[in-house]
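Under UniProt numbering, think of the first position of the sequence shown as 1, with each following residue one higher. Cβ atoms here follow ideal geometry from the backbone N, Cα and C, with glycine treated the same way. In this text the structure is predicted, and so the values were computed from the model without any measurement. Quick notes on the structure that follows.
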Amino acid sequence: MADVATLNASVRDRVGKGSARAARREGFVPAVIYGDKKDPLPIQLEKRELDKLLKKPGFFSHLIDLKVGGESHRVLPRDLQQHPVSDFAWHVDFLRVSATSELTVDVPVEFINEDKAPGLKRGGVLNVVRHTVEMNCRADNIPEKLVVDLTGLAIGDSVHISAIALPEGSTPVIDDRDFTVATIAAPTVVAEADAEETAAAEEAKAEDEAEDEAEGEGEEESEES
């Protein structure tokens, strides 16, 4: 299970655009805590403290204990709004959870042993189809990451979800097929060269067929004369 982070927050006395703008000017990020059949709680977080968490991988799959006015709220980040130009955190939605809450979480995928993949050594390219995998799990057992071992993979090989060791108690949301997580693709230069060779071969074949056809017509004319 991923570690639980801690953040301090304070209650916002007022809500609305004006209040949110004022909070941002003072170095805070407006946010709200909702869910668990309780009223929404408008709060604000110190921007610099939130930024520290945002720089770490897996923000949306890590539980957070929000300390608000002497109370602790265990939450999971559900939505992050960012400024369209600066990408600064603009507003955050947090979902209240309990230990037994059933959640759907995007779990990051980590690839290891790239140096042990023959396909990559030969110049192949790791084509990541899914950087995260949507998983069903309990709040007290959120996987920190899914690890993909690339050892022995050659060009043209694919990694499917069935090849990944999933944490106990966690299941992929997509359960009706063995979906692809990554592939080892041929180098672009090699692929282009192969395409050129194929095109050249087809062109030569077409020319040969045209010559044969012309020769055949010539022979027919000779016989007629």
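Beyond the five residues adjoining it in sequence on each side, S98 comes within less than 8 Å, by CB distance, of D36, R74 and A139 in the same chain, given in chain order. Runs of alpha helix (DSSP H) with 4 or more residues, each lying fully within the region 61-141, are found at 118-121, listed in chain order.
Here the region 147-163 lies against the region 180-188, with 3 or more beta-carbon pairs under 8 Å apart.
Counting along the chain, the unbroken beta strand (DSSP E) around L45 starts and ends at K38 to E46. Checking the DSSP bridge columns, you'll see L166 has no partner listed.
Spatial neighbours of L95 in its own chain (CB-CB distance under 7 Å, excluding positions within 5 residues in sequence) are listed in chain order as Y34, G35, V75, L76 and R78. In terms of Cβ geometry, L150 and I174 do not form a close pair [threshold 8 Å]. Counting only residues of its own chain and dropping the five nearest sequence neighbours on each side, P118 has a CB closer than 6 Å to the CB of A154.
Under DSSP, no beta-bridge partner is assigned to A154.
Distance between V29 and V92, taken at the CA atoms: about 8 Å.
If you look at A31, you'll find it in the beta strand (DSSP E) that goes F28 to G35.
Taking Q81 as the centre and dropping the five residues before and after it, the same chain places the C-beta of W90 and H91 closer than 6 Å to its C-beta, in chain order.
T6 and P42 have their alpha carbons spaced roughly 18 Å apart.
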